[in-house]
Amino acid sequence: MKIDTLCVQGGYQPKRGEPRQVPIYQTTTFRYETSEQMADLFDLKASGYFYTRLANPTNDLVAKKIAALEGGVAGILTSSGQAASTYSVLNIASAGDHVVSSAQIYGGTFNLFAVSLKKMGIDFTFVDPDADERTIQAAFRPNTKCVFGETVANPSGAVLDIAKFARIAHRNGVPLIVDNTFPTPILCRPFRFGCDIVTHATTKYMDGHSAQVGGCIVDSGNFDWAKHADKFPGLVEPDASYHGLSYVKTFGKLAYITKCTAHLMRDFGSIPSPFNAFLVNLGLESLHVRIRRHAESAMKVAKWLKGQRKVEWVNFAGLPDSPYHRLVRKQFDGPAPCGVMTFGIRGGRKASIRFMDALKVIGIVTHVADAWSCVLHPASHTHRQLTDAQLRAAGIPPDLIRLSVGLEEPDDLIADLRQALAKVK
Ligand SMILES: *Cc1c(COP(=O)(O)O)cnc(C)c1O
Numbered sequence: 392m393k394i395d396t397l398c399v400q401g402g403y404q405p406k407r408g409e410p411r412q413v414p415i416y417q418t419t420t421f422r423y424e425t426s427e428q429m430a431d432l433f434d435l436k437a438s439g440y441f442y443t444r445l446a447n448p449t450n451d452l453v454a455k456k457i458a459a460l461e462g463g464v465a466g467i468l469t470s471s472g473q474a475a476s477t478y479s480v481l482n483i484a485s486a487g488d489h490v491v492s493s494a495q496i497y498g499g500t501f502n503l504f505a506v507s508l509k510k511m512g513i514d515f516t517f518v519d520p521d522a523d524e525r526t527i528q529a530a531f532r533p534n535t536k537c538v539f540g541e542t543v544a545n546p547s548g549a550v551l552d553i554a555k556f557a558r559i560a561h562r563n564g565v566p567l568i569v570d571n572t573f574p575t576p577i578l579c580r581p582f583r584f585g586c587d588i589v590t591h592a593t594t595k596y597m598d599g600h601s602a603q604v605g606g607c608i609v610d611s612g613n614f615d616w617a618k619h620a621d622k623f624p625g626l627v628e629p630d631a632s633y634h635g636l637s638y639v640k641t642f643g644k645l646a647y648i649t650k651c652t653a654h655l656m657r658d659f660g661s662i663p664s665p666f667n668a669f670l671v672n673l674g675l676e677s678l679h680v681r682i683r684r685h686a687e688s689a690m691k692v693a694k695w696l697k698g699q700r701k702v703e704w705v706n707f708a709g710l711p712d713s714p715y716h717r718l719v720r721k722q723f724d725g726p727a728p729c730g731v732m733t734f735g736i737r738g739g740r741k742a743s744i745r746f747m748d749a750l751k752v753i754g755i756v757t758h759v760a761d762a763w764s765c766v767l768h769p770a771s772h773t774h775r776q777l778t779d780a781q782l783r784a785a786g787i788p789p790d791l792i793r794l795s796v797g798l799e800e801p802d803d804l805i806a807d808l809r810q811a812l813a814k815v816k
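Here it is, written out as structure tokens:
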């Protein structure tokens, strides 16, 4: 099946007389007939559902669809994008280990790595994603367990050269994990460029209607854990909490996702509600139609903004003069990687605020990537504790406005932007 068909029919094929829509198994637990049947499930000897924290049929069907869209072997849903990022790393790194991460990542992920996981004893080195291979190589240590990056960084818009990062990761015997939230698998499939594991905030385009917060991890099944057994004992060596079972020996290509379920989900429990998984699936049924329209409208809006005297700068990887133009052509299906861009108004912070307050159709919202167009001013909102000097050091100019282009008629959005610009002196 082609990707557009997978969006609609992937993961769930109802048989005769079964519901056409994915059923919501809104249940904590599942009933069995003998004590032994249940015991085998606890030992991972048999597969089946017994407690929703470990697995739920609705969640599994939706994870299967996302795995199919990415071209992976298995996936797991989480209760948020943050939980997906956390588990993707914790599944293969623990206290005393080290991770190399792109410095251009979502602010929440940066804080998770630099503060919270660091407190748990995992060290991070952040690298400029545009640096050459030798510079990035210098960040590796003997205890490095993975490399992390974001296909299109939120909010900076930097595009990750996935093939370059995969090459460096594999040369060091570790997998590359990529957060593919912004392009979604419709516009970019990171596994094609050598990435091993993909994460998502389904909160964004996959849901697409601002209806739920959720995440997902998908494994390509390509990374050879056994070949690097010294680095990944948790996947290769016997797990005492499952009677000495080895994930790689027992589950083969499903080892990473099975461990994530049987270990991290069991112990930390960031499981989504089956109802939220149902909402993600509703979004996925039209993702292929929506994301292309988001990207196309964003291109139109970015080109218009670029021509305005009062607009100081526009950063959108879809623009032909973007430094990422060549990478966009190589990695993405279509001329633009998503519907999110950043720009600044001439006159700095004050002018940007005045402009935003004058918008009528485009709303001020702490969100991106859904049907309603919205803006956010990081200097006054997400990063408001920083001074202008600190903002510049973090790569966020004080005048930066993040615009997420929704599914409205782009001419209406341009008219709104035009009337708001007219109110800036
Ligand atoms: C929003 C976002 C996240 C975090 O997702 P939540 O569902 O809000 O936890 C992670 N990565 C990217 C790129 C995001 O945009």
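Counting in this note's numbering, the sequence shown tops out at residue 816, every number present. Built from N, CA and C at the ideal position, the CB exists for glycine as well. A quick note: this is a predicted structure, and the numbers were derived from the prediction, not measured.
Proximity of the beta carbon of A592 to ligand 1 is indicated: a heavy atom of the ligand is located closer than 7 Å.
In this structure, ligand 1 has no non-hydrogen atom nearer than 7 Å to the beta-carbon of G625.
According to the DSSP assignment, I736 belongs to no alpha helix (DSSP H) but to the beta strand (DSSP E) extending over V731 to I736. Each of A727, Y715 and F723 was checked against the Cα of A693, and the nearest Cα belongs to A727. Here G599 is not near G472, since their CB atoms are 8 Å or more apart.
Inside the segment 405 to 490, DSSP marks whole beta strand (DSSP E) runs of 3 or more residues at positions 465 to 469, from first to last along the chain.
For a cut-off of 8 Å, the C-beta gap from I496 to D451 is around 28 Å, too long to register as a contact. Relative to ligand 1, the beta carbon of D570 is positioned inside 7 Å of a heavy atom.
Counting only the Cα atoms, A522 lies some 27 Å from E461. Nearest to G564 by alpha-carbon distance, out of F623, K510, E541 and S507, is F623. Considered as a whole, the segment 687 to 733 harbours 702 to 706 as its complete beta strand (DSSP E) runs of no fewer than 3 residues, in chain order. Distance between C537 and A708, taken at the CA atoms: about 27 Å.
Between Y638 and A646, the C-beta spacing is below 8 Å. Here the segment 437 to 446 makes contact with the segment 407 to 427; the two share three or more CB pairs at distances below 8 Å. Cβ atoms of I513 and A484 come within 8 Å of each other, at about 5 Å.
Distance between T652 and K436, taken at the CA atoms: about 15 Å.
Segment contact: the segment 678 to 687 against the segment 496 to 508, fewer than three CB-CB distances shorter than 8 Å; contact not assigned. For the pair of segments examined, the segment 708 to 717 was found not to touch the segment 769 to 784: the number of CB pairs separated by less than 8 Å stays below three.
For I577, the secondary structure class from DSSP, reduced to helix, strand or coil, is helix. For T500, the shortest separation between its Cβ and any heavy atom of ligand 1 lies below 7 Å.
DSSP places F614 in the coil class of the three-state scheme, outside both helix and strand. Checking the 7 Å criterion, the Cβ of V399 is out of range of every heavy atom belonging to ligand 1. The closest heavy atom of ligand 1 lies less than 7 Å from the beta carbon of Q473.
The segment 648 to 663 makes no contact with the segment 758 to 773, as fewer than three CB pairs between them are under 8 Å. Beta-bridge pairing by DSSP links D598 to no other residue. Straight-line measurement puts the Cα of R740 at about 13 Å from the Cα of R793. According to the DSSP secondary-structure assignment, I588 is paired through a beta bridge with I568 and D610.
Relative to ligand 1, S661 has its C-beta separated by 7 Å or more from all heavy atoms. A straight-line Cα-Cα distance of about 38 Å links D488 and Q428. Relative to the Cα of V518, the nearest Cα in the group V627, D748, Q528 and A811 belongs to Q528. Considered as a whole, the segment 617 to 649 harbours 624 to 627 and 638 to 642 as its complete alpha helix (DSSP H) runs of no fewer than 4 residues, in chain order. Here E799 carries a coil assignment [DSSP, helix/strand/coil]. Counting along the chain, V543 sits inside no alpha helix (DSSP H), nor does DSSP assign it H or E at all.
With 16 or more neighbouring CB atoms inside 10 Å of its own CB, I648 falls in the buried class.
At least one heavy atom of ligand 1 lies less than 7 Å from the C-beta of V604.
Shortest gap from the CB of E687 to any heavy atom of ligand 1: 7 Å or more.
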